[in-house]
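Trainee:
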Amino acid sequence: MTNYLNNPTSKSAMRVVVFGGYGQLGTDIVNELRSNKIDAIPLSHDDVDITDSAHVSRLIEEYSPDIIINSAALHKVDECESNPQKAKAVNMDSVENLAMICKEKDMILLHISTDYVFDGKSQEPYTEQDTPIPINVYGKTKLQGEQRIQEIGCKHFILRVASLYGNKASTQKKGNFVETMLKLAKTKDELSVVDDQYMTPTATLHIAKQIIPLIKTDEYGIYHCTCEGSCTWYEFAKEIFRLSDISIKVIPVDSSAYPANFERPRYTVLENSNLKKHRINIMPHWKEAIKQFISERRIIENKDKVEVET
Ligand SMILES: NC(=O)c1ccc[n+]([C@@H]2O[C@H](COP(=O)([O-])OP(=O)(O)OC[C@H]3O[C@@H](n4cnc5c(N)ncnc54)[C@H](OP(=O)(O)O)[C@@H]3O)[C@@H](O)[C@H]2O)c1
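Here you go:
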């Protein structure tokens, strides 16, 4: 079944407000919506603190969108652990507020969630049918956000994404794994990278592209949305350097080499079961996605070099 986004005669201009719209994923979502001729309004943390429910309500009243996308979150896992009140306020309470507004105004909420809702004890990819059991404050508060949306019962898409990298690095984490590896390789001869955590590196560009066919349906619910395949961070680092023609020694280590104030799930590979069920899964294999990312990054770098030289 399709909703009015698919029917150009039913609505002249579709409008989408994107909280976290200047973040790593939000930036690609806004660009992709605009390339599909959808009116996208990005909101930054400076524009509005999502925990300020009155301000959020006023902006939604003002913009009157058809869809609200929420990519804003407190996702620094260590900060969530040391400041659970703040994590709850951003990842649960403000999501609850958005869901209530959407329910009241009959708007659609597309909310970005995480693979960290799972405990990582599985040995095979998690589907949307598996029971989430988060093991840290970040995962717990993101799951609570999901649950409040479901309880309130607004029209919703909940997208669980994982291990993101994009052209605009995470504004909160001040980077992403790919940029960190490439930067470290400039000053180091060898790097120790964790080889006991399995995940699927996922380019934000492909999530943004996947959102377009998804919002053209009215198949509301939870969706796993990651690239295909899986690897460890060590394997991902090796592939980044191979594709970038960088020769550097990469040493596989256990997570215990990098102690943290939170527990990390060891295996958070997600299966895009629901996207496949609805025959709209367009997520590529992680190796294909990183190859495309590195090659486009090189084109941009070379263009920048030429512009500086001329
Ligand atoms: N990055 C990953 O690997 C990863 C993995 C799984 C799931 N996710 C989820 O993906 C989403 C997007 O992540 P991302 O990688 O695009 O990170 P990002 O670049 O840090 O984007 C998140 C945005 O939310 C904004 N934000 C944070 N607190 C806010 C608040 N109280 N009010 C308004 N805006 C606020 C941040 O602004 P400031 O930086 O200015 O505070 C930031 O621009 C998040 O929901 C995250 O939970 C990310």
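In the working numbering, the protein residues as written are 462 to 771. Glycine is no exception: its CB is placed at the ideal position from the N, C-alpha and C atoms.
1. Here's the rule: buried if 16 or more other CB atoms are within 10 angstroms of the residue's CB, otherwise exposed. What is R431?
2. Does the beta-carbon of R759 have 16 or more other beta-carbons within 10 angstroms, so that it is buried, or is it exposed?
3. Does G614 have its Cβ less than 7 Å from a Cβ in chain D?
4. When DSSP builds the beta bridges, which residues end up paired with S574?
5. Between the Cα of V654 and those of I751, A718, L571, spot the shortest distance and give me the residue it belongs to.
6. Give the single residue among T488, G487, G481, I502 whose Cα lies nearest to the Cα of M475.
7. To the nearest angstrom, report how far apart Y524 and S505 are at their CA atoms.
8. Using a threshold of 7 Å, state whether the C-beta atoms of A560 and C615 are closer than that.
9. Measuring from the CB of V551, is there a heavy atom of ligand 1 at a distance below 6 Å?
10. Express the C-alpha separation of A548 and S716 in angstroms, rounding to a whole number.
11. In its own chain, which residues sit with a C-beta less than 6 Å from the C-beta of K710, not counting the 5 before and 5 after it?
12. Might you give, ordered along the chain, the residues of its own chain that have their beta carbon closer than 8 Å to the beta carbon of K670, omitting 5 neighbours on each side?
13. What does a CB cutoff of less than 6 Å around T602 pick up in its chain, not counting 5 residues either side in sequence?
14. Measuring only the C-alpha atoms, how far is A515 from D591?
15. Shortest alpha-carbon distance to Q608 belongs to which of S691, D765, E542, E557?
16. Assuming N558 is part of the alpha helix (DSSP H), what are its boundary residues?
17. Whole angstroms is fine: what's the gap from G606's alpha carbon to S691's?
18. Since V478 sits in a beta bridge, which residues does DSSP pair it with?
19. At a cut-off of 6 Å, would you count T648 as near ligand 1, judging by its Cβ distance to the nearest heavy atom?
20. My output table needs one value for Y695: the three-state DSSP class, helix, strand or coil.
21. Would you decide whether N763 is buried or exposed? Buried here means 16 or more other CB atoms lie within 10 Å of its CB.
22. Compute every distance between the C-beta of A664 and the non-hydrogen atoms of ligand 1, then say whether any falls below 6 Å.
23. Is I668 near ligand 1, with its Cβ less than 6 Å from a heavy atom?
Mentor: Quick look at the numbers:
1. One cannot answer for residue 431 here, as it falls past the ends of the chain, which runs 462 to 771.
2. For R759, the number of other beta carbons within 10 angstroms of its own is below 16, and it is reported as exposed.
3. Absent from the structure is chain D; it holds one protein chain and no more.
4. R621
5. A718
6. Measuring from the Cα of M475, the nearest candidate turns out to be I502.
7. 15 Å
8. yes
9. Result yes, Cβ under 6 Å from ligand 1.
10. 24 Å
11. Hits under 6 Å: E651.
12. E493, I743
13. A548, K549, N552, M553
14. Roughly 36 Å separates the two Cα atoms.
15. The residue with the shortest Cα to Cα distance from Q608 is E557.
16. 555-566
17. 26 Å
18. I502, I529
19. no
20. helix
21. Exposed is the call here.
22. no
23. no
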